[in-house]
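K.L.:
Here the sequence shown is numbered in full-length UniProt numbering, starting from 1 and rising by one per residue.
Just so you know, even glycine gets a beta-carbon here, dropped at the ideal spot from N, CA and C.
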Amino acid sequence: MKPALGLIETIGLTSAVTALDAASKAADVELIGYEKVIGVGKAVSVTVHLAGDVAAVQAAVDAGVSAARQIGTVAAHHVIARPDEELDHLIEIFRKNLKKKSGAKVIENSNKKQGTDKKQETSKKQETGKKQETKKGNTTKAKS
Numbered sequence: 001m002k003p004a005l006g007l008i009e010t011i012g013l014t015s016a017v018t019a020l021d022a023a024s025k026a027a028d029v030e031l032i033g034y035e036k037v038i039g040v041g042k043a044v045s046v047t048v049h050l051a052g053d054v055a056a057v058q059a060a061v062d063a064g065v066s067a068a069r070q071i072g073t074v075a076a077h078h079v080i081a082r083p084d085e086e087l088d089h090l091i092e093i094f095r096k097n098l099k100k101k102s103g104a105k106v107i108e109n110s111n112k113k114q115g116t117d118k119k120q121e122t123s124k125k126q127e128t129g130k131k132q133e134t135k136k137g138n139t140t141k142a143k144s
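#1: Cutting at 7 Å between CB atoms, please list the residues of its own chain near A76, excluding the five before and the five after it.
#2: What residue range is occupied by the uninterrupted alpha helix (DSSP H) comprising G64?
#3: To the nearest angstrom, report how far apart I71 and V17 are at their CA atoms.
#4: Considering only the alpha carbon of each residue, which of K99, L90 and H78 lies closest to V54?
#5: Quick check: what's the CA-CA separation for Y34 versus F94?
#6: Could you tell me the distance, in whole angstroms, from the CA atom of D84 to the CA atom of G52?
#7: Roughly how many angstroms separate the alpha carbons of T29 and L13, rounded to a whole number?
#8: If you check the beta carbons only, do A19 and A67 fall under 9 Å apart?
#9: Output needed for A43: all residues of its chain with C-beta closer than 8 Å, excluding positions within five of it in sequence on either side, in chain order.
#10: Taking the continuous alpha helix (DSSP H) assigned at A27, which residues delimit it?
#11: Based on Cα-Cα distance, which residue from L90, L31, A26 and G39 lies nearest to S102?
#12: Just to confirm, are A27 and A81 a CB contact at a threshold of 9 Å?
Right, dumping it as structure tokens:
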């Protein structure tokens, strides 16, 4: 059976995350993507893309919209029960973009951590070197 497509567009990231959390808890759906757009109502909108059985997607979108409205603004929401085959291409693009975004963040965070570790290691070496120089300087002065 072909998965349904659910969309929840919110103003702001906090509302989107809240909607996704509620949607994921309400039914067995898959996050297939998200998009951030600057300019909707002169604000940042985030659209969450969900896929799954028609009933599950409908329940998830309803729960997500309800939760997001409690803390923010929902710009739009919609469930496409049986998307046309032409939308399969779009759904695959959503999935690929989600994988790229997720992969980029993991690599970015890994690089940042490695950079921080190197900075800390260099800083420790410099401090150790200064302490040794101070000890040598004090010892020399004491003997004189």
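P.N.:
In terms of the structure at hand:
#1: E9
#2: Note, G64: alpha helix (DSSP H), V54 to I71.
#3: One Cα belongs to I71, the other to V17, and the distance between them is close to 11 Å.
#4: Closest by alpha carbon: H78.
#5: 7 Å
#6: 15 Å
#7: Rather than Thr, the amino acid found at residue 29 in this sequence is Val. If you take the alpha carbons of V29 and L13, they lie about 20 Å apart.
#8: yes
#9: Only I11 and G12 meet the Cβ criterion.
#10: From DSSP, A27 is part of no alpha helix (DSSP H); its letter is neither H nor E.
#11: Closest by alpha carbon: L31.
#12: no
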